[in-house]
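Okay, so the sequence shown: first residue is 12 according to our numbering, each after it adds one. Where a beta carbon is used, it is the ideal one built from N, C-alpha and C, also for glycine. Reading through the structure tokens given below for one structure.
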Amino acid sequence: MIAGKTIAITRSKEDSEEFIQLIMNAKARTIPLPTIELVSKGEKIVDEFLNAIKEVDPDFSVFMSSKAVKLLFDTSRKVSKYDIAHMPNRFSSVGVGEVFTRLNAEGKKVIVPRSGASTPFLAQLLEKIGLEVKEIYLYDVCSFRDTSQWNEFRELFANKKVDGIIFTSASSVNAFFDIMLMDMGKETLLQNLRTTKVVAIGPFTADELKKSGAEPIIADVHTVPGAFETIKNCFC
């Protein structure tokens with residue numbers, strides 16, 4: 012049972028409200044870990060996006076995260092507030108590819124606003140399907156600088172009292188290791204991770220964990236609720 016377990020998630024408290032509620036309902040404890048900071052290109056990025064729209068005249072725009080929506084539209088509303096034409100069954104790059112395959116979108120143009128830390132997989136996949144792809148990089152990411160917020164986690168993790176960690180992006184994996192290696196040796200870090208249930212929200216996050224030496228379990232559904240269900244099942 013997950014009740015009574017301590018589960019960390021690589022998101023800030025503000026971005027973890029849904030997960031915190033799920034954990035509370037399960038009578039477990041959560042530790043939000045702010046791992047990355049967004050480095051926006053500022054207001055000029057909106058002009059760049061609008062200019063790209065005029066230049067490319069795309070048939071579709073693909074938003075891979077609510078952060079891209081917030082940065083472009085200067086609002087905290089979630090993407091569901093906007094007029095969404097298509098939503099993949101699988102919340103991943105592969106799921107986006109499946110949507111365009113069903114649409115027979117060969118020859119169409121698509122613009123993708125996203126992070127500078129994103130992998131080229133989505134663009135390559137869409138190009139293989141036959142779309143013309145234009146990517147706009149809205150922001151970069153860096154490791155979270157105020158690591159004092161990690162003090163409680165560090166102490167619990169060092170004493171092997173963290174039962175599980177959910178990694179929500181490849182960027183958060185890199186930042187997690189950057190932050191933890193400031194005061195812990197890599198072998199000790201990996202040893203402690205081996206005694207912890209490590210869940211990756213998706214395959215790219217899992218690949219990054221494997222590169223770092225961890226052994227993750229991939230969530231069946233690539234969302235925070237999906238990752239919660241996966242880690243909950245680890246304790247059944």
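Assigned secondary structure, residue i (DSSP; H/G/I helix, E/B strand, else coil)
i           : result
residue 131 : coil
residue 14  : coil
residue 40  : strand
residue 28  : helix
residue 48  : strand
residue 96  : coil
residue 183 : helix
residue 170 : coil
residue 241 : helix
residue 54  : coil
residue 195 : coil
residue 164 : helix
residue 234 : coil
residue 206 : coil
Opposing strand residues paired with residue i [DSSP bridges]
i           : result
residue 211 : 178, 229
residue 72  : 122
residue 190 : According to DSSP, which records beta bridges pairwise, residue 190 is partnered with nothing at all.
residue 64  : DSSP, once it has assigned bridges, lists no residue as partnering residue 64.
residue 20  : 43, 177
For residue j and residue i, believed in contact at Cβ under 8 Å, the rounded distance
i           : j           : result
residue 194 : residue 154 : Incorrect: roughly 14 Å between the Cβ atoms, too far for contact.
residue 243 : residue 37  : 7 Å
residue 226 : residue 209 : 7 Å
residue 147 : residue 116 : In fact, because the Cβ distance is near 19 Å, the residues do not count as touching under 8 Å.
residue 124 : residue 215 : Not confirmed; about 18 Å, so no contact.
residue 235 : residue 25  : With a Cβ gap of about 14 Å, residue 235 and residue 25 do not count as contacting.
Residue i and residue j closer than 9 Å at C-beta
i           : j           : result
residue 39  : residue 13  : yes
residue 63  : residue 145 : yes
residue 150 : residue 56  : yes
residue 219 : residue 232 : no
residue 173 : residue 207 : yes
residue 179 : residue 238 : yes
residue 44  : residue 187 : yes
residue 126 : residue 107 : no
residue 136 : residue 42  : no
residue 72  : residue 121 : yes
residue 191 : residue 165 : yes
residue 163 : residue 67  : no
residue 78  : residue 175 : no
Going along the chain, which unbroken runs of the alpha helix (DSSP H) with 4 or more residues stay wholly within the segment 99-160? 104-113, 132-140
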